[in-house]
Structures are given as structure tokens and as C-alpha cells.
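K.L.:
Offset between the sequence shown (1-based) and the numbering used here: plus 1.
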Amino acid sequence: MSDAEQNLSRSAKSFLRDYSDLLAYRINFRLSQEIFELSKQFPKEEMYALTDQFRRASRSIGANIAEAWGKRRYEKHFVSKLTDADGERLETQHWLRTSYSCRYLGKEQAEKMMRVYWRSADS
2 MSDAEQNLSR SAKSFLRDYS DLLAYRINFR LSQEIFELSK QFPKEEMYAL
52 TDQFRRASRS IGANIAEAWG KRRYEKHFVS KLTDADGERL ETQHWLRTSY
102 SCRYLGKEQA EKMMRVYWRS ADS
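1. With a cut-off of 8 angstroms on the beta carbons, I'd call I66 and T93 a contact; round off their distance for me.
2. Can you tell me where the alpha helix (DSSP H) with R56 in it begins and where it stops?
3. Just to confirm, are Y118 and W70 a CB contact at a threshold of 8 angstroms?
4. Which residues mark the beginning and the end of the alpha helix (DSSP H) in which D87 is found?
5. By a C-beta neighbour count over all protein chains shown, 10 Å radius and 16 as the cutoff for buried, is R90 buried or exposed?
6. Among residues of its own chain, excluding the 5 on either side of K108, which ones have a beta-carbon nearer than 8 angstroms to its beta-carbon?
7. Do you know how far the Cα of F79 is from the Cα of D53?
8. Let me know the secondary structure DSSP gives D22 once reduced to three states.
9. By alpha-carbon positions, which one of F55, K77, L83, A58 ends up nearest to E68?
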């Protein structure tokens with residue numbers, strides 16, 4: 002390892018203690034909490050369908066980021082878990098659109114979530 006790589010490695014360790022320091026993890030944790038709160042107002046008949054799927058997908062994003070952190074030394078495993086997290090992100094986006102389409106979320110709520118949580122990831 003070169004001197005520059007060693008310095009970078011030491012610097013990174015001082016900034017990132019674990020996966021919870023990652024911006025992507027923190028944003029998606031906040032997203033899952035917001036979805037949990039919003040979905041409490043969904044109709045009871047959606048409890049084991051849309052509500053459950055929406056909550057599970059949103060929670061799985063952060064879980065996959067955490068798992069990726071644990072496997073970061075193994076590039077293929079790391080990339081695989083990040084790919085899984087991205088798939089869950091897209092599934093969550095789908096359930097958000099579905100929730101809006103079913104009129105369980107207002108236009109402002111849905112647009113705000115799309116703007117905050119997907120703007121940077123999709124660009």
C-alpha cells in the first residue's frame with residue numbers, strides 16, 4: 002500500500018466508524034421512519050399488502066447498506082449488497098407511486114418524498 006493510500010485509509014477510518022456514519026444509510030433510515038409514520042394512516046385492508054410491502058422495502062434499503070458495510074473487504078459481496086439496496090430503493094419508489102395512485106398519500110407528500118429521497122440517486 003502506498004503512503005497516499007495509507008493516509009487515505011487512516012483519514013477514512015477517522016470519519017467513518019461504521020455504516021451508520023454513511024450518508025446513504027442515514028437518509029434511508031429517515032425515509033423508512035417517515036414511511037412507517039405515513040403508512041399508519043393507510044386503510045386497514047392494506048395492512049398485509051401495500052402497507053407491509055412499502056415498510057419492508059424501505060427498511061431493507063438500510064439493512065442492505067449495513068450488510069454491505071460488513072462485507073466491504075470483499076468487493077463482489079459489497080457490490081452485490083449495494084445492488085440489493087438499490088433494488089429495494091426502486092421497489093420503495095414503486096410503492097410510493099402506488100400509495101399516491103391509490104390516494105393514500107397526498108400530492109405534496111408524494112412529491113416531497115420523491116424530491117428528497119430520489120433526486121440525487123437517479124441523476
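All C-beta atoms, glycine included, are put in the ideal place defined by N, C-alpha and C.
P.N.:
Let me spell this out:
1. Looking up residue 66 in the sequence shown gives position 65. Looking up residue 93 in the sequence shown gives position 92. The Cβ separation is near 13 angstroms, so there is no contact.
2. In the sequence shown, counting from the first residue as 1, residue 56 sits at position 55. Where R56 is concerned, the enclosing alpha helix (DSSP H) stretches over 53-71.
3. Taking the sequence shown and counting its residues from 1, the one referred to as residue 118 is at position 117. Taking the sequence shown and counting its residues from 1, the one referred to as residue 70 is at position 69. No; because the gap between Cβ atoms is not below 8 angstroms, this pair is not in contact.
4. Here residue 87 is taken as the residue at index 86 of the sequence shown, counted from 1. 76-102 is the span of the alpha helix (DSSP H), which, as asked, contains D87.
5. The residue labelled residue 90 in the question sits at position 89 within the sequence shown. R90 is buried by the Cβ-count criterion.
6. As a first step, residue 108 must be located in the sequence shown, where it is residue number 107. Closer than 8 angstroms at the Cβ level, and outside the excluded window around K108, lie Y101.
7. Taking the first residue of the sequence shown as 1, we reach residue 53 at position 52. Taking the first residue of the sequence shown as 1, we reach residue 79 at position 78. Distance between the alpha carbons of D53 and F79: 27 angstroms.
8. Within the sequence shown, numbered from 1, the residue matching residue 22 stands at position 21. Residue state, collapsed to three classes: helix.
9. Indexing the sequence shown from 1 puts residue 68 at position 67. Checked all of F55, K77, L83, A58; the closest Cα to E68 is L83.
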